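First the structure, in the form of structure tokens, and then the observations on it.
Dropping the structure here:
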């Protein structure tokens with residue numbers, strides 16, 4: 001997740017701009033066979049969901065047809081679950097988990113600890129030592145424990161490296177529990193809550209920023225040496241045709257796999273750029289598909305035991321967070337399906353590569 005404000009993004013994520021609608025109504029490519037992706041992929045394939053989207057039968061049918069894993073986009077995060085008085089709200093997370101269960105889809109949870117979410121219930125405990133630490137543990141036990149036996153994995157610690165690529169982020173968690181200590185504790189608490197789930201540390205721009213990737217890898221190494229039960233590494237893979245050069249994805253996957261841990265491509269989308277020239281849409285979609293092939297190919301080159309799952313961050317172009325106020329790219333087309341639910345060249349690239 002780049003800089004997100006989920007509550008403010010939901011309404012705008014449900015609609016396309018006029019430009020986006022026009023592009024969606026006139027595909028810039030020949031028809032692509034809509035073969036169920038999960039039936040041909042030799043690895044779990046997933047996408048994120050919102051509770052509101054699942055109320056649309058066409059959306060729910062398209063999701064269940066193609067994906068074998070789902071990640072709640074924001075409703076399993078602290079911003080939704082933890083109320084100001086310290087109580088927990090599980091109505092929407094439970095409904096999403098129930099949809100997964102009814103359709104035989106794996107549930108993946110995100111995220112237990114994120115620097116960007118300091119809720120009032122924790123702010124009231126700021127500086128209170130043991131009380132803060134107890135609330136931290138209780139929250140992780142309550143959330144991860146609720147889906148014990150169903151969630152196959154969790155983003156336990158999310159986005160710990162700062163955008164400068166050098167520093168680790170400061171937060172209410174680091175201030176009260178310590179920079180490394182809050183992460184080590186989070187992994188131990190998550191393991192206590194669910195001994196079977198695979199526990200991930202997750203970050204973004206690991207492909208585009210080698211300095212950030214190096215800092216991230218040093219952090220993982222340090223946490224592992226300290227005994228943190230990290231079970232996997234997540235790379236969000238929010239890519240951008242303006243930034244992501246050929247070869248960057250392959251190099252990143254190779255380095256991230258160096259610990260021998262499972263790899264989760266956890267939030268893939270590929271933006272067409274800051275101000276895409278839609279007169280060149282066929283070329284842009286081809287470049288998008290080529291970049292998808294590179295990333296998916298690098299993932300598939302991993303040993304089978306390291307291929308945890310390959311997840312895209314949204315179902316259709318109309319559902320992307322990039323259309324929201326935090327993304328400000330209202331006509332972007334970053335996902336494998338267009339606004340009408342038709343497969344794009346990006347989908348074809350996934351089908352060809354993940355079935356290898």
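Residue numbers (our numbering): 1 to 356.
Positions of the beta carbon are idealized from the N, C-alpha and C atoms, including for glycine.
For clarity, every value in this text was computed on a predicted model and none was experimentally measured.
Residue i by DSSP, collapsed to three states: which one?
i	result
residue 134	helix
residue 288	helix
residue 32	coil
residue 74	coil
residue 24	In this prediction, residue 24 scores a pLDDT of 45, lower than 50, which makes its location untrustworthy; the coordinate-derived value is nonetheless stated afterwards. Helix at residue 24.
residue 350	helix
residue 230	coil
residue 243	coil
residue 81	helix
residue 158	strand
residue 302	coil
residue 116	coil
residue 220	helix
residue 152	strand
residue 111	strand
residue 269	strand
residue 320	coil
Would you call residue i buried or exposed, if buried means 16 or more other Cβ atoms sit within 10 Å of its Cβ?
i	result
residue 328	exposed
residue 22	Summary for residue 22: the model assigns pLDDT 40, below 50, so the residue's position carries little reliability, and this model does not support an answer.
residue 334	buried
residue 247	exposed
residue 42	exposed
residue 13	Annotation note: pLDDT 43 at residue 13 (below 50); position unreliable, no value reported.
residue 83	exposed
residue 37	buried
residue 353	buried
Could you check the C-alpha separation between residue i and residue j for me, to the nearest Å?
i	j	result
residue 342	residue 303	32 Å
residue 24	residue 344	With a pLDDT of 45 at residue 24, under the threshold of 50, the modelled position of that residue is not reliable, and the figure given next carries that caveat. Each residue's alpha carbon lies about 10 Å from the other.
residue 205	residue 308	19 Å
residue 127	residue 283	54 Å
residue 161	residue 167	6 Å
residue 103	residue 64	7 Å
residue 81	residue 280	43 Å
residue 40	residue 176	47 Å
residue 276	residue 267	21 Å
residue 347	residue 330	21 Å
residue 173	residue 313	26 Å
residue 105	residue 143	19 Å
residue 158	residue 187	12 Å
residue 108	residue 129	31 Å
residue 189	residue 141	6 Å
I'd like to confirm the pairing. Which residues does DSSP put opposite residue i in its beta bridges?
i	result
residue 311	46
residue 264	234, 309
residue 39	DSSP lists no partner for residue 39.
Among the candidates the options, whose CA atom is the shortest distance from the CA of residue i?
i	options	result
residue 320	271, 352, 288, 286	271
residue 242	211, 263, 235, 287	287
residue 198	351, 263, 89	263
residue 96	187, 340, 77, 86	77
residue 289	300, 269, 301, 274	269
residue 306	294, 231, 73, 325	231
residue 244	256, 294, 201	294
Confirm the yes/no value for this check: CB of residue i, any heavy atom of the ligand GDP, distance under 7 Å.
i	result
residue 71	Of ligands this structure carries none, so the ligand GDP is not represented either.
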